[in-house]
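*Asks:* Can you read through this structure? Questions will come right after.
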Ligand SMILES: *Cc1c(COP(=O)(O)O)cnc(C)c1O
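In UniProt numbering, the protein residues as written are 1 to 242.
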C-alpha cells in the first residue's frame with residue numbers, strides 16, 4: 001500500500017465510487033451499479049494494484065493486449081488472477097472470437113452472428129479442456145447511429161442477433177451495451193439505448209444488464225438506468241501513448 005501509484009489509484013477509485021453513489025442518489029435509484037475498471041494501455045502492474053485494492057471487474061478493449069495481461073497476471077500473481085473477472089469491451093474480429101472465450105469472464109461487445117458463434121465455439125472448447133467451465137455472459141453492443149465501423153449492431157439487426165445468441169449452448173444473453181455516438185448529447189443517446197434495452201428484455205427476460213457510461217458521461221448513463229459503467233481515465237489517469 002506504500003507505493004505512490006497504489007495510493008493514487010486508491011484515491012481515484014474512491015472518488016469514482018463517490019461519483020457513482022451521488023449519481024445513483026440524484027437519479028433516485030436504490031439499486032447499485034457495477035464498476036468495470038478499464039485498464040487498456042496501462043501495464044499489468046496496475047491491474048495487480050487494482051486487484052489488491054479489491055477491484056473485481058477489469059475491462060480491456062484490445063484482444064491481443066488483454067490476452068497478454070491475463071497470461072502475465074496468472075503467471076505472476078495466481079491468487080489475484082483468480083480473484084478478478086476480465087471484461088472484453090472492445091471490437092472482436094470474428095476469427096479471434098474463439099480465443100477470447102478462453103479467458104474472458106464477460107463480453108460486452110458482441111455485434112455479429114459470426115462473433116457470437118466464434119465465442120460459443122471457443123467456450124465449448126475451453127469447457128471441454130476443463131478451463132473456464134460454464135456459460136459466458138455476453139452483452140450485445142448497440143450502434144445507435146448505424147455507423148457499425150465503430151462497433152455495434154444496428155438497431156434493426158439486434159433482435160435477430162439476440163435470438164441467435166439465445167440459442168447458443170455456451171453463451172448467456174446478459175444484456176445490452178452502448179458507446180454513445182460522438183455527436184449530440186450523451187443523455188439522449190443513453191435514453192434511447194435504455195429503450196432498446198427494455199425491448200430486448202421483453203423478448204429475453206434474462207438480458208437484464210445495461211452497460212453504459214464512461215469517465216466523462218457516467219452520470220447521464222446512470223440517470224438512464226445503466227447497471228454497469230466502464231471507467232478508465234477517471235481512475236487510471238490519461239492512457240500512455242503507444
Ligand atoms: C476505453 C473504453 C472505456 C473507458 O473510457 P474512459 O473514458 O477512459 O473512462 C469504456 N468503454 C469502452 C468500450 C472503451 O473502449
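Beta carbons: idealized from backbone N, C-alpha and C, even for Gly.
1. Identify every run of the beta strand (DSSP E) within the region 35 to 111, keeping only runs that are complete inside it and at least 3 residues long; order them along the chain.
2. Tell me the DSSP secondary structure of residue 149 in three-state form.
3. Is any heavy atom in ligand 1 found nearer than 7 Å to the beta carbon of residue 226?
4. Looking at ligand 1, does it come within less than 7 Å of residue 92, judged from the CB to the closest heavy atom?
5. Decide if residue 95 is buried, meaning its Cβ has at least 16 other Cβ atoms within 10 Å, or exposed.
6. Who are the near neighbours of residue 152 in its chain, counting only those whose CB is closer than 6 Å to its CB and skipping five residues on each side?
7. Can you name the residues that DSSP bridges to residue 4?
8. Output the distance between the C-alpha atoms of residue 206 and residue 162, rounded to the nearest integer angstrom.
9. Taking 8 Å as the threshold, find out whether the region 45 to 53 comes into contact with the region 72 to 87 through three or more Cβ pairs.
10. Can you tell me which of the three DSSP states residue 215 falls into?
*Replies:* Reading from the atomic positions:
1. 57 to 60, 85 to 88 and 106 to 110
2. The sequence position of residue 149 within the chain shown is 149, counting from 1. It is helical.
3. As a first step, residue 226 is located in the chain shown; it is residue number 226 there, counting from the start. The answer is no for residue 226.
4. Walking along the chain shown from the start, residue 92 turns up at place 92. It does not: the Cβ of residue 92 is nowhere closer than 7 Å to a heavy atom of ligand 1.
5. Here residue 95 refers to the residue found at position 95 of the chain shown. It is exposed - the Cβ of residue 95 has fewer than 16 other Cβ atoms within 10 Å.
6. For the purposes of this step, residue 152 is identified with residue 152 of the chain shown, where counting begins at 1. Counting only Cβ-Cβ distances below 6 Å, and skipping sequence neighbours, we find 111, 141, 142 and 143.
7. Locating residue 4 in the chain shown gives position 4, where the first residue counts as 1. Paired residue(s): none; residue 4 is not in a bridge.
8. Taking the first residue of the chain shown as position 1, residue 206 is located at position 206. Taking the first residue of the chain shown as position 1, residue 162 is located at position 162. So the two alpha carbons sit approximately 11 Å from each other.
9. yes
10. Taking the first residue of the chain shown as position 1, residue 215 is located at position 215. In this structure, residue 215 counts as coil in the three-state DSSP scheme.
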